[in-house]
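The opening residue of the sequence shown carries number 1207 in my numbering; numbering runs sequentially from there.
For every residue, glycine included, the Cβ atom is placed at its ideal position computed from N, Cα and C.
As the structure is a computational prediction, the values presented were derived from the model and not from experiment.
I have placed the structure first, in the form of structure tokens, so that the comments after it can refer back to it.
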Amino acid sequence: MEVKTFGVIGAGQMGNGIAQVAAASGLAVIMHDIKKEFVDRGLATIAKNLQRSVDKGKLATAEKDAILGRIKPTTELRDMTAADFVVEAASENEAIKFKIFENLEEICAPHVILASNTSSIPIGRIASHTKRPAKVIGMHFMNPVPVMQLVEVICGLATSADTLATTLELTKRMGKTPAQSNDFPGFIANRILLPMINEAIFCLYHGVGTKEDIDTVMKLGMNHPMGPLALADLIGLDTCLAIMNTLYQGLGDSKYRPCPLLRQYVEAGWLGRKSGRGFYIYE
């Protein structure tokens, strides 16, 4: 199936990044969020990212303008009637995602593929809230989307071969490298990453080391570009907690139990970079 118009639900950190790379690949993009201020902020972020590339001589001003011109912002979900392929990039919350897919089922034509950027929720569970499970798939981009090469592609039990083929082709068109995962909680990326982050939080919780020393050990000793606590702040501690809860509930193993300190920070509103405070304080 040829994809010409690409819909993105959510204009936040992940959604605006997905919209940017889709528009840069030549697709017409519809970027939706529930409030105009959210959509405007997403567009401003895209414009800032593109201008940075212009300033570095990596992108011509005319191309920047063309990319921005291919993005249609909207607060009306019904505008997704024009899309051939829709990616949901809302909060990592089952109830929110299920409602979005139920609404898209009513709005989008039967041939339209509905993808989720979920980082942990099983695709089959999401697909069950539609009447087109064969056309539901996971398309998990990494953060920050314009920079990171990987897209984790996840098929549910009912996902068709055609849906998979279209998604893999679209991923490559966006300049990304797809990696396929089977439909388990957390998939591959977060089945490995989040328990590591959670264990780093336990180290802080138990007083094994300071946040700086924990991150230094992983950066200099394990050659990680960013320490796990700084990375958790970048991801968002609420998202980390949601993923750990999904792993713990879905797999039933105590090794996936979220650290109490992580839960405490989220309950206090210390969510990381986006709130100005997490394990570190941000201006």
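Check	Outcome
Beta strand (DSSP E) runs contained entirely in the stretch 1380-1458, provided each spans 3 or more residues	1383-1387
Check: P1391 C-beta below 7 Å from any heavy atom of the ligand ADP	Judged by which ligands are present, the structure shown has none, so any question about the ligand ADP falls away.
Residue range of the unbroken beta strand (DSSP E) whose run includes A1474	A1474 -> no beta strand (DSSP E), and no H or E assigned at all.
Spatial distance of T1445 from D1459 (CA atoms)	20 Å
Through-space distance from T1372 to F1291, alpha-carbon basis	10 Å
Span separating the alpha-carbon of T1280 from that of L1265	26 Å
Nearest neighbour of I1449, chosen from M1428, V1414 and L1468 [CA to CA]	L1468
First and last residue of the uninterrupted beta strand (DSSP E) at M1345	V1342 to F1347
Whole-angstrom distance between G1427 and A1295, CA atom to CA atom	34 Å
Closest Cα partner of V1357 within the set S1366, I1306, G1392 and L1374	L1374
Cutoff 7 Å; reference Y1488; Cβ partners in own chain excluding five residues on either side	R1479 and G1482
Where the alpha helix (DSSP H) through E1269 begins and ends	T1267 to G1275
Bridge partners - C1361, DSSP secondary structure assignment	I1343
Spatial neighbours of A1340 in its chain, beta-carbon cut-off 7 Å, leaving aside the 5 residues before and after	A1364, T1365, S1366 and T1369
Cβ-Cβ distance between F1307 and N1323 below 8 Å	no
Assumed close pair T1452, I1327 - CB separation to whole angstroms, cut-off 8 Å	6 Å
8 Å Cβ cutoff met for V1209 and I1224	no
T1287, DSSP secondary structure in three states	helix
Three or more C-beta pairs below 8 Å linking the stretch 1405-1414 and the stretch 1377-1395	no
Beta-carbon contacts of A1230 that lie in its chain and below 7 Å, excluding the five residues immediately before and after	I1273
Proximal residues to M1220 (C-beta, below 8 Å), its chain only, five neighbours per side dropped	A1295, N1323, F1347, N1349 and V1351
Beta-carbon proximity of W1476 to L1443, cut-off 8 Å	yes
Segment limits, alpha helix (DSSP H) that includes S1322	First-last for S1322: I1319 to S1322, but that is the beta strand (DSSP E), not the alpha helix (DSSP H).
Straight-line gap, M1237 to A1321 (C-alpha atoms, nearest Å)	14 Å
A1289 and F1212 closer than 8 Å at C-beta	yes
Helix, strand or coil at F1212 according to DSSP, with G and I counted as helix	strand
Close beta carbons around A1499, own chain, < 6 Å, minus the five adjacent residues each side	Residue numbering for the chain in the displayed model covers 1207 to 1489; residue 1499 lies beyond these limits and cannot be assessed.
Unbroken beta strand (DSSP E) run spanning M1237, endpoints	A1234 to H1238
8 Å Cβ cutoff, D1261 in contact with chain B	Although the question refers to chain B, the structure presented lacks it and comprises just one protein chain.
Where H1335 falls, given that 16 or more other Cβ within 10 Å makes a residue buried	buried
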